[in-house]
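To start, the structure itself, in structure tokens.
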Ligand SMILES: NC(=O)c1ccc[n+]([C@@H]2O[C@H](COP(=O)([O-])OP(=O)(O)OC[C@H]3O[C@@H](n4cnc5c(N)ncnc54)[C@H](O)[C@@H]3O)[C@@H](O)[C@H]2O)c1
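In my numbering, the protein residues as written are 4 to 449.
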């Protein structure tokens, strides 16, 4: 059903179509007493905790499991835990046989999120999809449109949003404790283990008998198999498959910033970064975004600066009220407000400065909720999700615009979200979208 119904619609048409669509009415939910049948696509790595997290919900039944790798760490452990579940190596076959399944978990590498989730939503399935929601900005917009059109329950897997620490930070801004926010700095100051800023390795290795390399590559360009270079986990560092450091962490670290300030789309961004290599993502970058102000910001625009890699962090001089002996967390954000400054570590309780003005025991703590069960319950008509694609789509668009910014260091890019267009840079605009492998072209909005 997937490759047969190819349709490709130009981005501008789809971007404007977004405006006319109705809000999600949750009309496909089943009712509090009904059972939710789920399938997990990508059962290893993060998929394992996605699957077990959702399966912990009331009246959830694991109907099907899909993995291109049949070994213990991938399909194996899930099949052992859910022996009655059907097993697949090709997610297209799973969807073709999905009449008894209402919810799909997409926990594959980034580049396969949109093709799988869009196909699932077209079949009317609820979707839980890992972060970042997609591989390109265009895909992120399509996910928002498809979720609206199909009226399904959606959730992005940025589970820290539901953690007490991030919920507490968001509440601090909403309750006005630090006043209107003037400026934001966010960073990921650790160096990941996955490959960055290296040339593509030459040659090819034998494909292990338990790996379906062709199915792993899906919509991506065909490449030779290289042991431990792409599958599993290390795909993150390669432009064909992952989204680099900001793509990996932006949807976590920037989430409480977006939630608390209710940010929309950026209006411009400018990066400082070394020249990008042909295939791999960079190992360091700084990005300055400008957003239109909101009810929680002091001015009509607000600047958010993202710093990525070891040793790159905000200059302490631009962080008021934070004593020099306070060690900034390795990753997190600082929100500078009129009345105080908040540090949101990734992941720990926020600290407010000056500390004397904000004694710890006076800060209201907001309890955590279960991000996975929240989705499962919402599919059954109980409550709503908080990282639905109407929220996660724009957050992902902003994060992925950053991956375009680092391709054009020191050039300011102007973003028109409504038109889905970088208005002042034809070459940068070309990176909003990408070509797909022949026969694997996603079936966009129908
Ligand atoms: N929310 C979080 O905290 C968090 C943490 C880690 C990873 N992630 C996200 O989860 C996703 C997966 O990351 P990972 O680290 O688990 O990657 P991984 O490569 O370790 O695991 C991916 C799993 O999916 C399987 N797979 C790959 N392609 C498939 C396909 N087409 N069909 C079926 N199965 C397929 C792999 O065999 C593997 O079991 C990514 O989008 C990543 O950004 C999120």
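Backbone N, C-alpha and C fix where the C-beta goes; we use that ideal spot for every residue, glycine too. Only a predicted model underlies this, so the values are computations on that prediction, with no experimental measurement involved.
Query raised in the report: For residue 153, does the three-state DSSP call read helix, strand or coil?
Result: helix
Query raised in the report: Helix or strand or just coil, what does DSSP make of residue 25?
Result: Unreliable placement is indicated for residue 25, whose pLDDT of 37 sits below 50; no coordinate value is reported for it.
Query raised in the report: Which term fits residue 321, buried or exposed, when burial requires 16 or more other beta carbons within 10 angstroms of its beta carbon?
Result: exposed
Query - Bridge partners - residue 340, DSSP secondary structure assignment - result: 184
Query raised in the report: Near residue 194, which residues of its chain fall below 8 angstroms by C-beta distance, leaving aside the five closest residues on each side in sequence?
Result: 286, 312 and 313
Query - Nearest to residue 126 (by Cα), restricted to the options 106, 411, 173 and 378 - result: 106
Query raised in the report: What does DSSP give as the partner residues of residue 76 in its beta bridges?
Result: Residue 76 pairs with nothing; no bridge assigned.
Report task. Going by DSSP, name the residue or residues bridged to residue 90. Result -> For residue 90, the pairing in a beta bridge is given by DSSP as 68.
Query - residue 388 Cβ short of 8 angstroms to ligand 1 heavy atom set - result: Flag unset: Cβ of residue 388 not near ligand 1.
Query raised in the report: Can you list the beta strand (DSSP E) stretches of 3 or more residues lying completely in the segment 374 to 445, in chain order?
Result: 416 to 419
Query raised in the report: Say the cut is 8 angstroms; is the CB of residue 146 nearer than that to a heavy atom of ligand 2?
Result: The ligand content of the structure shown is limited to ligand 1, which means ligand 2 is not among them.
Report task. For residue 280, collect the residues of the same chain with a Cβ closer than 8 angstroms to its Cβ; drop the 5 residues on either side in sequence, then sort them by chain order. Result -> Cβ neighbours of residue 280 within its own chain (closer than 8 angstroms, five residues either side excluded): 200, 201 and 202.
Report task. Under the assumption that residue 273 contacts residue 408 (Cβ atoms under 8 angstroms), give the Cβ distance between them as a whole number of angstroms. Result -> 7 angstroms
Query raised in the report: Exposed or buried, residue 196, counting other C-beta atoms within 10 Å across all chains shown (16 or more means buried)?
Result: exposed
**Report entry** Among 121, 139 and 140, the one whose alpha carbon lies nearest that of residue 132
**Finding:** Residue 121 holds the alpha-carbon nearest to the alpha-carbon of residue 132 among 121, 139 and 140.
Requested in this report: Just confirm the distance between the C-beta atoms of residue 66 and residue 186, as a whole number of angstroms; I'd bet it's less than 8 angstroms.
Outcome: Not a contact, Cβ separation roughly 48 angstroms.
Report task. Tell whether a beta-carbon distance below 9 angstroms holds between residue 54 and residue 110. Result -> The answer is yes: Cβ separation under 9 angstroms.
Query raised in the report: Is any heavy atom in ligand 1 found nearer than 8 angstroms to the beta carbon of residue 70?
Result: A heavy atom of ligand 1 is found nearer than 8 angstroms to the CB of residue 70.
Query raised in the report: When DSSP labels each residue in this structure, what does residue 348 get in the three-state scheme?
Result: Collapsing the DSSP output to three states places residue 348 in a strand.
Report task. Please report how far the alpha carbon of residue 303 lies from the alpha carbon of residue 292, in whole angstroms. Result -> Each residue's alpha carbon lies about 14 angstroms from the other.
Requested in this report: Mark residue 318 as exposed unless 16 or more other C-beta atoms lie within 10 angstroms of its C-beta, in which case mark it buried.
Outcome: exposed
**Report entry** residue 188 beta carbon near ligand 1 (any heavy atom closer than 8 angstroms)
**Finding:** no
Query raised in the report: Does DSSP put residue 249 in a helix, a strand or coil?
Result: helix
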